[in-house]
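According to numbering that gives the first Met the number 0, the sequence shown is numbered sequentially starting from 0. For glycine and all other residues, C-beta sits at the position ideal for the given N, C-alpha and C. Here the structure is a predicted model, which is why all the values come from computation and not from measurement. Step one of this worksheet: look at the structure below.
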Amino acid sequence: MDSSWYFFYVVLLIFSIVPLYRSQTDVSITEPRLTSTVAVNSTALTVNWQFANSSIDQSDLIRVYITILEYFTKYTTTVYSTNYTYTTNKTITSWTQNFPLVNAFYSVCFSTNSTITNYTYFVSTTQCQLARTCSRQNSSVCPNASAVTIISSDITSNSFLITINWYNVLPIIRNSTVVQILSENLNATFVSILTNDTYIIESYRFSNRQSLTTYAINTLISYTLLNQIKTESYVLSVTTSRSSKNFLTSDILIFGASILSIFLIKFH
Ligand SMILES: *[C@@H]1O[C@H](CO)[C@@H](O)[C@H](O)[C@H]1NC(C)=O
Ligand SMILES: *[C@@H]1O[C@H](CO)[C@@H](O)[C@H](O)[C@H]1NC(C)=O
Ligand SMILES: *[C@@H]1O[C@H](CO)[C@@H](O)[C@H](O)[C@H]1NC(C)=O
Ligand SMILES: *[C@@H]1O[C@H](CO)[C@@H](O)[C@H](O)[C@H]1NC(C)=O
Ligand SMILES: *[C@@H]1O[C@H](CO)[C@@H](O)[C@H](O)[C@H]1NC(C)=O
Ligand SMILES: *[C@@H]1O[C@H](CO)[C@@H](O)[C@H](O)[C@H]1NC(C)=O
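Following this line, the structure appears as structure tokens:
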């Protein structure tokens with residue numbers, strides 16, 4: 000190859016790289032983020048969000064859309080929504096909504112679209128999280144918004160049951176449940192799955208455990224809500240009861256010892 004052609008080729012390459020490089024560093028767009036959903040009382044939620052620092056977010060037109068689905072039954076929901084358009088003024092960063100239901104579940108979805116005027120480039124995201132208003136009896140008791148409650152029961156000296164109660168008001172698809180004692184790499188045995196008006200009840204049993212021992216039970220659940228896969232981990236501590244076998248063994252020992260002492264007395 001002629002050296003001048005080679006030079007031309009290199010120059011062409013550099014020029015074809017430079018505009019691409021410039022457009023990526025000159026335009027920096029980052030979306031605002033949903034920071035929290037807070038239960039105000041038994042009937043209201045406040046959604047809070049945060050804008051990225053302008054040193055990393057150069058967008059000058061930001062749209063925020065908030066949609067809240069209220070779960071009345073698994074099949075009926077009410078939708079509440081609002082939207083905001085920001086140019087330079089970004090003072091509004093929260094929204095409080097009051098609802099007719101008390102201590103209910105909600106899906107809060109926060110969507111954004113950030114652009115720079117005269118650019119075709121935009122960054123668009125959606126984040127959803129589960130929320131729940133506070134208790135009916137006491138508005139300052141606000142339970143965690145969790146799709147499940149996990150409890151232990153039927154505790155004996157060597158076995159116990161772990162029950163995962165899924166709130167069936169939520170339109171979720173259960174993907175998987177794993178109940179295990181992590182320290183022993185031991186999975187529980189599936190027992191049953193039942194449904195009542197409030198829950199889908201999944202039960203698992205651990206057997207052949209030791210008496211008077213505390214086990215850390217790890218429950219890993221995965222489910223789909225609004226097309227988003229959620230994976231959550233819960234740790235529950237269970238202590239097995241005193242073994243009645245221990246009493247039996249010591250009783251036999253005492254019994255044996257007294258027979259032995261009777262023999263000893265007789266032979267003396
Ligand atoms: C809950 O808080 C909301 C928003 O502050 C308010 O409008 C509503 O009246 C309150 N409800 C109760 C039951 O306190
Ligand atoms: C934004 O970033 C700049 C530069 O990193 C920093 O000096 C400034 O304190 C930041 N502002 C906020 C509100 O975090
Ligand atoms: C930004 O908007 C808020 C609410 O609309 C308003 O109270 C405030 O004065 C505005 N700030 C500026 C600097 O325009
Ligand atoms: C985001 O905004 C841009 C510019 O207004 C528009 O072209 C684009 O369709 C929007 N994208 C979404 C996902 O809303
Ligand atoms: C509500 O719960 C709070 C916190 O647990 C407690 O301090 C308060 O006494 C309760 N109020 C009533 C009326 O039960
Ligand atoms: C459903 O089952 C749970 C767990 O066994 C129980 O606590 C609850 O009272 C039951 N609810 C109804 C409405 O039957």
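beta-carbon residue i near ligand 5 non-hydrogen atom, thresh 8 Å
| i | result |
| --- | --- |
| Asn-137 | yes |
| Val-140 | yes |
Any non-hydrogen atom of ligand 3 closer than 8 Å to residue i Cβ
| i | result |
| --- | --- |
| Asn-88 | yes |
| Ile-91 | yes |
Contact test: residue i Cβ vs ligand 4 heavy atom, cutoff 8 Å
| i | result |
| --- | --- |
| Phe-121 | yes |
| Asn-112 | yes |
As assigned by DSSP and simplified to three states, the class of residue i
| i | result |
| --- | --- |
| Glu-30 | coil |
| Leu-181 | helix |
| Ser-80 | strand |
| Ser-206 | coil |
| Ser-152 | strand |
| Arg-21 | Only weak support exists for where Arg-21 lies, its pLDDT of 34 falling under 50; the value from the coordinates is given anyway. Helix at Arg-21. |
| Ser-240 | coil |
| Lys-73 | coil |
| Arg-135 | coil |
| Ser-175 | strand |
| Asn-186 | strand |
| Thr-42 | coil |
Beta-carbon proximity list for residue i, same chain, < 8 Å, skipping 5 on both sides
| i | result |
| --- | --- |
| Ile-28 | Asp-56, Gln-57, Ser-58, Ser-113, Thr-114, Ile-115, Tyr-120, Phe-121, Val-122 |
| Leu-100 | Thr-42, Glu-69, Phe-71, Thr-132 |
| Leu-268 | Only positions 0 to 267 of the chain appear in this structure, which leaves residue 268 out of reach. |
| Leu-169 | Tyr-70, Lys-73, Phe-104, Leu-129, Ala-146, Leu-224 |
| Asn-207 | Asn-157, Ser-158 |
Beta carbon of residue i nearer than 9 Å to that of residue j
| i | j | result |
| --- | --- | --- |
| Trp-165 | Ile-200 | yes |
| Ile-171 | Ser-202 | no |
| Thr-194 | Ala-130 | no |
| Thr-81 | Ile-61 | no |
| Ser-240 | Ser-210 | yes |
Residue i CB to nearest heavy atom of ligand 2 below 8 Å
| i | result |
| --- | --- |
| Asn-164 | no |
7 Å Cβ shell around residue i - same chain, five flanking residues per side excluded
| i | result |
| --- | --- |
| Ile-91 | Tyr-83 |
Residues near residue i by beta carbon distance below 6 Å, same chain, minus five either side
| i | result |
| --- | --- |
| Cys-127 | Ser-106, Cys-108, Leu-225, Gln-227 |
| Cys-141 | Ala-38, Cys-133 |
Near ligand 6: residue i beta-carbon under 8 Å from a heavy atom
| i | result |
| --- | --- |
| Thr-176 | no |
| Ile-200 | yes |
Any non-hydrogen atom of ligand 1 within 8 Å of residue i CB
| i | result |
| --- | --- |
| Asn-102 | no |
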